[in-house]
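A.B. asks: Input: one structure, supplied below.
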Amino acid sequence: MDHARGWAPRADLAAHAAAQHRRGAARGVLSRAEALHSGERVNSDPRRAGLKRRTEALIDRLSDGSRDDAALDRLLRDLAEWQAERVAPYGRLCASWTRGGLAPAVPTDVFRHVRIAGHDEHMDVRRFLTSGTAGGLRGQHSLRDLTLYDRAARAAAEFALFLGGERMHLVVLAPHPDEAPESSLSYMLGRFEAWFSTGVDWVFPIDARLGRVLDAATGPVALLGTSFAFVHAEDLLGRRFALPDGSRVMQTGGFKGRSREVAPAALRRAIGERYGIAQDRIIAEYGMTELSSQMYELNLRGASHRRLWVPGWVRARVVDPQTLRPLPDGASGILRLDDAANLDTVCAIQTSDLAIMHGQEIELLGRAPGAVPRGCSLAVEEALG
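Okay, so the sequence shown: first residue is 345 according to this note's numbering, each after it adds one.
Next up, the structure:
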């Protein structure tokens, strides 16, 4: 099926989506021959090539933490127009969009029900899946090209986590990408190994080996993992450590679908005490399977607050849960993110995360409680037809 122009009948949607997701889970990466064929097809679209060059140039120019929102908004508008022509569900959502206004955003729930991509499945070089919930479909982010993903991930990490590209020993509390090819987090951490490590220990599942690895550290360590991984480590480790000077912790993700939750401030305190590391060396990272870019706290650059920095190639807004219209700074609502690095899917993503904007910094408040916000629910219905 041509997902740029075709559409599955709604009666067949569940079976169609389930089949797609089974294939995605079973085959996270294309073979070398398929990838080479895909690369030929990727380069055959001059309009796509132009949008990609503009995005690459913007990421490179703004990798120093600066912003050019006029240039970003022009690029996002052009991306949305192109994506509306090629991604059938997004085209439905954009049917009433007047090009002078804000482009509609796709709620993350849509990724669980239908493929969101402007290219055929055989052109995918990677398929990232969400963690999902028990008995439910998993959202899928299909990429035909990883260069923008890599460029955005490296630029953001060099600005916020490994300043200027510094290298150190990595200790990763997550599966290796070979073991979890469907995990966008594992993929990113695998790229960190290539870009920023002098050596790496992948400690997953978490066990007594973590203590031995930390005891052996003679220089700065970057300890990287999910919030739940750090909670699990707390349950297993029976003593405290003193990480060498220059070390840092990257903590990401929440506790969706987990039986145990810990308040963010309490977890940061526990991490600091367990590993002998100052609070300003514990950096929160925010990413989503449906995005290609990540946001970080800027503790290592002297930020005194717990807000997320938004890279210059991403536009963050807080919107009204009912109308999906942008709200002013200081108002709480649900977070919308427009990621220019999302070239082959959709750049405009509507989350269900509660947040407050402070300029282009995000104060996260957690997940929206209860049912899907009404505005998101209506957008899901439009996208699914």
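Ideal Cβ placement from N, Cα and C applies to all residues, glycine included.
Per DSSP, LEU679 is paired with what?
C.D. replies: VAL662
A.B. asks: I think TYR640 touches ALA414, with their Cβ atoms under 8 Å apart; what is that distance to the nearest whole Å?
C.D. replies: 24 Å between Cβ atoms; not a contact.
A.B. asks: Does the contact criterion of 3 or more C-beta pairs under 8 Å hold for the stretch 701-712 versus the stretch 437-445?
C.D. replies: no
A.B. asks: Quick test of your reading: GLU526 and SER407, contact by CB under 8 Å. State the CB separation rounded to the nearest angstrom.
C.D. replies: Their Cβ separation, rounded to whole angstroms, is 28 Å, which puts GLU526 and SER407 out of contact at 8 Å.
A.B. asks: Quick check: what's the CA-CA separation for LEU611 versus SER571?
C.D. replies: 8 Å
A.B. asks: Hey, is the stretch 542-551 in contact with the stretch 511-520, meaning 3+ C-beta pairs nearer than 8 Å?
C.D. replies: yes
A.B. asks: By the DSSP assignment, the beta strand (DSSP E) with ASP697 in it spans what residues?
C.D. replies: ASP697 -> beta strand (DSSP E) spans 692-702.
A.B. asks: Taking its Cβ as the centre, do 16 or more other Cβ atoms sit within 10 Å of HIS457, making it buried, or is it exposed?
C.D. replies: buried
A.B. asks: Among LEU505, GLU705, ALA684, CYS691, which residue has its Cα nearest to the Cα of ARG645?
C.D. replies: LEU505
A.B. asks: Look at the Cβ atom of ALA739, then the Cβ atom of ALA496, and state whether they are nearer than 8 Å.
C.D. replies: With the chain covering only 345 through 729, there is no way to say anything about residue 739.
A.B. asks: Considering VAL427, what are the terminal residues of the beta strand (DSSP E) in which it resides?
C.D. replies: Val is not the amino acid found at residue 427; the sequence shown has Gln there. Here GLN427 belongs to no beta strand (DSSP E); instead the alpha helix (DSSP H) covers 413-430.
A.B. asks: Once DSSP output is grouped into helix, strand and coil, what is the label at VAL544?
C.D. replies: strand
A.B. asks: Sort out for me which residues DSSP pairs ALA447 with in a bridge.
C.D. replies: DSSP lists no beta-bridge partner residue for ALA447.
A.B. asks: By Cβ distance, which residues of its chain are closer than 6 Å to TYR531, with the 5 residues on each side in sequence left out?
C.D. replies: Shown here for TYR531: same chain residues with a beta carbon closer than 6 Å to its own, the five before and five after excluded, namely PRO521 in chain order.
A.B. asks: Here's the rule: buried if 16 or more other CB atoms are within 10 angstroms of the residue's CB, otherwise exposed. What is GLN623?
C.D. replies: Exposed, by the Cβ-count rule.
A.B. asks: Using the DSSP secondary-structure output, state which residues sit across from THR570 in a beta bridge.
C.D. replies: THR596
A.B. asks: Spatial neighbours of ALA607 within its chain, please: CB distance less than 8 Å, with the 5 preceding and 5 following residues excluded, ordered by chain position.
C.D. replies: Within the same chain, no residue comes within 8 Å of ALA607 by CB-CB distance, once the 5 residues on both sides are set aside.
A.B. asks: Exposed or buried, GLN666, counting other C-beta atoms within 10 Å across all chains shown (16 or more means buried)?
C.D. replies: With fewer than 16 other CB atoms across the displayed protein chains lying within 10 angstroms of its CB, GLN666 is exposed.
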